[in-house]
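Its first residue numbered 1, the sequence shown is counted upward by one per residue in the UniProt record's numbering.
Just so you know, even glycine gets a beta-carbon here, dropped at the ideal spot from N, CA and C.
These numbers come from a predicted model, not from an experiment.
See structure below.
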Amino acid sequence: MLMQRFRATTKLMPYLSSVNNGASVAALHHSLTKRPCFGTLSPSSLSLLGNHKDKVPHLIQAVSVSTNSSSVAKLAVPENEVEQVELLTATEDLHGGVVVDMTEPMDSVVFASLLQASISHWRHKGKRGVWIKLPIARSNLVDAAVKEGFRYHHAESDYLMLVRWLPETEDTLPANASHRVGIGAFVMNSKREEISGRFRNTGVWKLPTGAVNEGEDICKAAVREVKEETGIDTEFVEVLAFRQSHKSFFRKSDLFFVCMLTPKSFDIQKQNSEIEAAQWMPVGDYVAQPFVKKNKLFDYVAEICLANSDKDYAGFTALSTTTSSGKRSYLYYNNRDMENTQATGDPQ
Numbered sequence: 001m002l003m004q005r006f007r008a009t010t011k012l013m014p015y016l017s018s019v020n021n022g023a024s025v026a027a028l029h030h031s032l033t034k035r036p037c038f039g040t041l042s043p044s045s046l047s048l049l050g051n052h053k054d055k056v057p058h059l060i061q062a063v064s065v066s067t068n069s070s071s072v073a074k075l076a077v078p079e080n081e082v083e084q085v086e087l088l089t090a091t092e093d094l095h096g097g098v099v100v101d102m103t104e105p106m107d108s109v110v111f112a113s114l115l116q117a118s119i120s121h122w123r124h125k126g127k128r129g130v131w132i133k134l135p136i137a138r139s140n141l142v143d144a145a146v147k148e149g150f151r152y153h154h155a156e157s158d159y160l161m162l163v164r165w166l167p168e169t170e171d172t173l174p175a176n177a178s179h180r181v182g183i184g185a186f187v188m189n190s191k192r193e194e195i196s197g198r199f200r201n202t203g204v205w206k207l208p209t210g211a212v213n214e215g216e217d218i219c220k221a222a223v224r225e226v227k228e229e230t231g232i233d234t235e236f237v238e239v240l241a242f243r244q245s246h247k248s249f250f251r252k253s254d255l256f257f258v259c260m261l262t263p264k265s266f267d268i269q270k271q272n273s274e275i276e277a278a279q280w281m282p283v284g285d286y287v288a289q290p291f292v293k294k295n296k297l298f299d300y301v302a303e304i305c306l307a308n309s310d311k312d313y314a315g316f317t318a319l320s321t322t323t324s325s326g327k328r329s330y331l332y333y334n335n336r337d338m339e340n341t342q343a344t345g346d347p348q
């Protein structure tokens with residue numbers, strides 16, 4: 001802010017040293033309003049103006065910044081300062097940082113000046129990480145933020161999140177999400193037939209699969225995917241196994257959960273956009289496919305599903321739980337072995 005004060009003072013000097021009349025005051029005001037973001041003048045700065053310092057306060061106070069109030073906050077300053085300093089509005093996070101949510105339009109030049117002043121303020125306050133959330137409609141501010149040392153952290157369909165670590169210490173900000181989560185659903189009827197869909201242009205029959213949506217539970221995702229692909233209503237039973245792989249989707253790792261479900265309806269209404277056909281297929285025929293036999297992962301999954309249907313294998317059932325704050329989540333655990341342990345009283 002010292003640099004901003006000095007620049008404001010030097011801009012005043014030519015006018016105040018020329019003529020002492022109303023025209024010079026008007027010219028000064030015209031010049032200042034073209035420079036939207038300069039800080040306050042301290043008493044030491046005012047001393048440089050000599051006999052003209054009595055004209056400064058109302059001139060500075062006449063200067064306004066063309067920004068929306070929801071995106072700009074004013075920093076209170078000591079009484080011996082002339083005016084408040086405008087900063088970007090921010091909320092504190094739980095880790096000693098701040099989050100700026102740019103919901104309102106702002107000129108990129110104005111934003112750059114406010115950001116510089118805000119960074120100085122946050123650094124003085126000992127803040128660590130600074131997060132700037134830019135909706136897609138505020139993409140004009142990206143360049144200004146990057147020039148101030150911010151980097152991309154993650155992006156969604158409607159916003160970009162940028163971040164900067166302020167201290168001189170090691171950057172401990174968390175990385176972007178590292179994994180994508182998917183499910184495969186094994187649904188078997190009383191005839192030992194399982195629901196399968198055929199890949200387009202491959203001839204391969206597969207389990208219903210898909211990605212888990214943001215905020216969606218694994219058990220709910222499995223039920224949804226079966227309904228979307230085949231029209232079959234199901235009930236989640238348990239997670240049979242899961243697989244982790246890397247660099248599978250834009251360098252992200254992947255977690256894939258194989259789930260057992262029971263059917264509640266049986267009439268197939270296939271999804272036309274993703275699969276060529278859907279059918280109730282004998283489990284033995286599914287397992288015997290050359291594609292399954294050549295792919296060890298699919299072969300193991302098929303064996304696990306068969307073992308579970310024969311009651312020789314127990315998966316992980318979903319237990320709905322809540323945290324101390326009331327947030328709901330699911331714990332997946334081996335319910336059969338837990339019940340046996342509780343029945344025998346053996347803590348092991």
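Practice task
Please report the residue range of the beta strand (DSSP E) in which residue 181 lies.
Solution key: For residue 181, the enclosing beta strand (DSSP E) begins and ends at 179 to 187.
Handout entry: Beta-carbon proximity list for residue 299, same chain, < 7 Å, skipping 5 on both sides
Key = Cβ-Cβ distances below 7 Å link residue 299 to 292, 293 in the same chain, with the five nearest sequence neighbours on each side left out; the list follows chain order.
Problem - Between the CA atoms of residue 145 and residue 115 - distance to the nearest angstrom - result: Approximately 8 Å between the Cα atoms of the pair.
Practice task
Could you check what DSSP says for residue 235 in three-state terms: helix, strand or coil?
Solution key: DSSP places residue 235 in strand when its eight states are reduced to three.
Handout entry: Close Cβ partners of residue 34 (< 6 Å) along its chain, the five nearest in sequence each way excluded
Key = Residue placement at residue 34 is flagged as unreliable, the pLDDT there being 42, under the threshold of 50; a coordinate-derived value is accordingly withheld.
Handout entry: Bridge-paired residues (DSSP) for residue 246
Key = According to DSSP, residue pairing for residue 246 in a beta bridge does not occur.
Exercise for the section: May I ask whether a heavy atom of the ligand ZN can be found less than 7 Å away from the beta carbon of residue 156? Expected result: Absence of the ligand ZN from the depicted structure is noted, as is the absence of any ligand whatsoever, leaving it without description.
Problem - residue 225 burial status per 10 Å Cβ neighbour count (16 or more: buried) - result: By the neighbour-count rule (16 or more Cβ atoms within 10 Å), residue 225 is buried.
Practice task
Let me know the secondary structure DSSP gives residue 66 once reduced to three states.
Solution key: Legend: pLDDT at residue 66 = 38, less than 50; position of this residue unreliable, no value from coordinates given.
Handout entry: Alpha carbon of residue 22 to alpha carbon of residue 170, nearest angstrom
Key = Low per-residue confidence applies at residue 22: pLDDT is 45, beneath 50, and the placement is therefore not dependable, though the value from the model is reported in the following sentence. Between residue 22 and residue 170, the C-alpha separation is close to 55 Å.
Practice task
Report the partner residues of residue 174 according to the DSSP bridge assignment.
Solution key: For residue 174, DSSP assigns no beta-bridge partner whatsoever.
Handout entry: Own chain, CB closer than 8 Å to residue 275, minus 5 neighbours either side, in chain order
Key = Cβ within range, chain order: 197, 198, 199, 200, 229.
Handout entry: Cβ-Cβ distance between residue 262 and residue 303 below 8 Å
Key = At the C-beta level, residue 262 and residue 303 stay beyond 8 Å of one another.
Problem - residue 349 vs residue 127 beta-carbon contact at 8 Å - result: Outside the modelled stretch of the chain, which goes from 1 to 348, sits residue 349, for which no answer is possible.
Exercise for the section: Measuring alpha carbon to alpha carbon, tell me which of 180, 131, 211, 269 ends up nearest residue 91. Expected result: The shortest C-alpha separation from residue 91 is found at 131.
Problem - Which of helix, strand or coil DSSP assigns to residue 338 - result: Reduced to three states, the DSSP call for residue 338 is helix.
Problem - Cutoff 8 Å: residue 209 Cβ touching any chain B Cβ - result: Checking the listed chains, one finds no chain B in this structure; it contains a single protein chain.
Exercise for the section: Please state whether DSSP places residue 271 in a helix, a strand or coil. Expected result: In the structure shown, residue 271 sits in coil (DSSP, three-state: anything other than H, G, I, E or B).
Practice task
Assuming residue 182 contacts residue 254 (C-beta within less than 8 Å), just tell me the rounded distance between them.
Solution key: The distance from the Cβ of residue 182 to that of residue 254 is about 6 Å, consistent with a contact at the 8 Å cut-off.
Practice task
Label residue 391 either buried or exposed according to how many other C-beta atoms from any shown protein chain fall within 10 Å of its C-beta, with 16 as the threshold for buried.
Solution key: With the chain covering only 1 through 348, there is no way to say anything about residue 391.
Handout entry: Any beta strand (DSSP E) of 3 or more consecutive residues that is wholly inside the stretch 91 to 125
Key = Runs of the beta strand (DSSP E) spanning 3 or more residues and lying entirely within the stretch 91 to 125 occur at 98 to 101, in chain order.
Problem - Candidates 266, 123, 175, of which the one nearest residue 233 by Cα - result: Closest option to residue 233, judged by alpha-carbon separation, among 266, 123, 175: 266.
Handout entry: C-beta atoms of residue 358 and residue 162 nearer than 8 Å
Key = Because the chain spans 1 through 348 in this model, residue 358 falls outside it and cannot be assessed.
Exercise for the section: Work out the CA separation of residue 95 and residue 268 for me, nearest whole Å. Expected result: Put simply, the backbone Cα of residue 268 is about 51 Å away from that of residue 95.
Exercise for the section: Mark residue 423 as exposed unless 16 or more other C-beta atoms lie within 10 angstroms of its C-beta, in which case mark it buried. Expected result: Residue coverage of the chain in this structure runs from 1 to 348, which leaves residue 423 outside it and unanswerable.
Practice task
Tell me where the beta strand (DSSP E) around residue 198 begins and ends.
Solution key: Boundaries of the beta strand (DSSP E) harbouring residue 198: 193 to 199, taken from the DSSP string.
Problem - Reference residue 85, options 106, 213, 113, 205, closest by Cα - result: Nearest option by C-alpha distance: 113.
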